[in-house]
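Residue numbers (the numbering used here), protein chains in the order written: chain A, 372 to 485; chain U, -9 to 104. To start, the structure itself, in structure tokens.
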Amino acid sequence: DAKTTQPTSMDCAEGRAANLPCNHSTISGNEYVYWYRQIHSQGPQYIIHGLKNNETNEMASLIITEDRKSSTLILPHATLRDTAVYYCIVRARHNAGNNRKLIWGLGTSLAVNP
Amino acid sequence: GAGVSQSPSNKVTEKGKDVELRCDPISGHTALYWYRQSLGQGLEFLIYFQGNSAPDKSGLPSDRFSAERTGGSVSTLTIQRTQQEDSAVYLCASSATGGTGELFFGEGSRLTVL
């Protein structure tokens, strides 16, 4: 599985957009970019995923560069409840081969401040 | 239930004792994962079950760790002769084969070995 690089921590003011970057320069053609977040003392929660097109859902937007080597997760109006560790991982969609192991880094610890 | 259920939520045991952790995945999900998360660390893959296929045990750290999944549903992770370094949060996740690939996590079982 391709590995990802994320900043260790970020701060964001409540109500402002939080832009969380992720580098995945070794991503292969069949690998998707997935984002999860983990609020303190809870299990990780799926946010969004994409292959090459930008994606948006009720939680966030995902912007993937044309060369697919990096992406940005955007929380358009961050709230205090968005304070969490955000993980960017890459994987093929199907549960086969090494895809199942899902290499999880340390993620980005986002602090949303009042 | 609607989500992945794990029990116990907290377990304190003495060094050398055996422990069993239980995971009840989302109904109909054929893939089940166990991860371990030590304090301040990312998720470490332990074992993966997919339908009736042989499990991928490549992430189990030692032969004291084992897991089974009965009837393609509930899974039990067993740690024999626990050591202090086994202290961590053990997370279970399930996913639907053929779905969009996202993992649904339980709240985890926090194991403390004294």
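We put the CB at the ideal spot given by N, CA and C, even for glycine. Predicted model only: the values in this text are computed from it and were never measured.
*Give the straight-line distance between the Cα atoms of A:R462 and A:I474, rounded to the nearest whole angstrom.*
9 angstroms
*Mind the definition here: the region 391 to 406 of chain A touches the region -1 to 16 of chain U only if three or more C-beta pairs lie below 8 angstroms; say whether that holds.*
no
*Identify, in the order they occur along the chain, each residue of the same chain with its Cβ nearer than 7 angstroms to the Cβ of A:L481, setting aside the five sequence neighbours on each side.*
M381, C383, A389, L391, D453, T454, A455, Y457
_Nearest to U:R59 (by Cα), restricted to the options U:W24, U:A78, U:R100, U:V79_ = U:W24
*asked:* Less than 6 angstroms between C-beta atoms, sequence neighbours within five positions excluded: which residues of the same chain meet that for U:S56?
replied: T68
_Proximity to U:S77 [Cα-Cα], best of U:A21, U:L22, U:L29_ = U:L29
*Is A:G476 closer than 7 angstroms to A:T375 when the C-beta atoms are compared?*
yes
*Leaving out the 5 sequence neighbours to the left and right, which residues in its chain are closer than 8 angstroms to A:W440 when beta-carbon positions are compared?*
It should be pointed out that residue 440 of chain A corresponds to Lys in this sequence rather than to Trp. The answer, listed in chain order, is N394, H395, S396, I398.
*If we count the other Cβ atoms within 10 Å of its Cβ and call it buried at 16 or more, is A:L451 buried or exposed?*
exposed
*In angstroms with no decimal places, state the Cα-to-Cα distance between U:D14 and U:T20.*
12 angstroms
*Could you check the C-alpha separation between U:G32 and A:L444 for me, to the nearest Å?*
19 angstroms
*Roughly how many angstroms lie between the CA atoms of U:R54 and A:A431, to the nearest whole one?*
41 angstroms
*Let me know if A:H448 comes out buried or exposed under the rule of 16 or more other beta-carbons within 10 Å of its beta-carbon.*
exposed
*According to DSSP, what are the bridge partners of A:N390?*
A:I445
_Residues in the region 401 to 416 of chain A having any Cβ partner in chain U nearer than 9 angstroms_ = Y403, Y405, Y407, Q409, S412, Q413, G414, P415, Q416
*Nearest residue (CA-CA) to A:S442, options A:C459, A:E429, A:N428*: A:C459
_Taking the beta carbon of U:D46 as the centre, do at least 16 other beta carbons fall within 10 Å, making it buried, or is it exposed?_
buried
*asked:* I believe U:Q27 touches U:L81 by the beta-carbon criterion, under 8 angstroms. Please report the beta-carbon distance rounded to the nearest angstrom.
replied: 6 angstroms
_Closer than 9 angstroms at the beta carbon, the chain A residues around U:L93_ = Y405, Y407, P415, Y417, L473
*Among A:P485, A:T427, A:V483, A:I419, nearest to U:E92 - alpha-carbon criterion*: A:I419
*If contact means a Cβ-Cβ distance below 7 angstroms, which residues of the region 422 to 437 of chain A contact chain U?*
none
*When you compare each of U:E34, U:T102, U:A86 to U:G62 by their alpha carbons, which one comes out closest?*
U:A86
*Would U:E58 count as contacting chain A if we go by Cβ distances under 7 angstroms?*
no
*Name the chain U residues whose beta carbon is nearer than 7 angstroms to that of A:G476?*
G32
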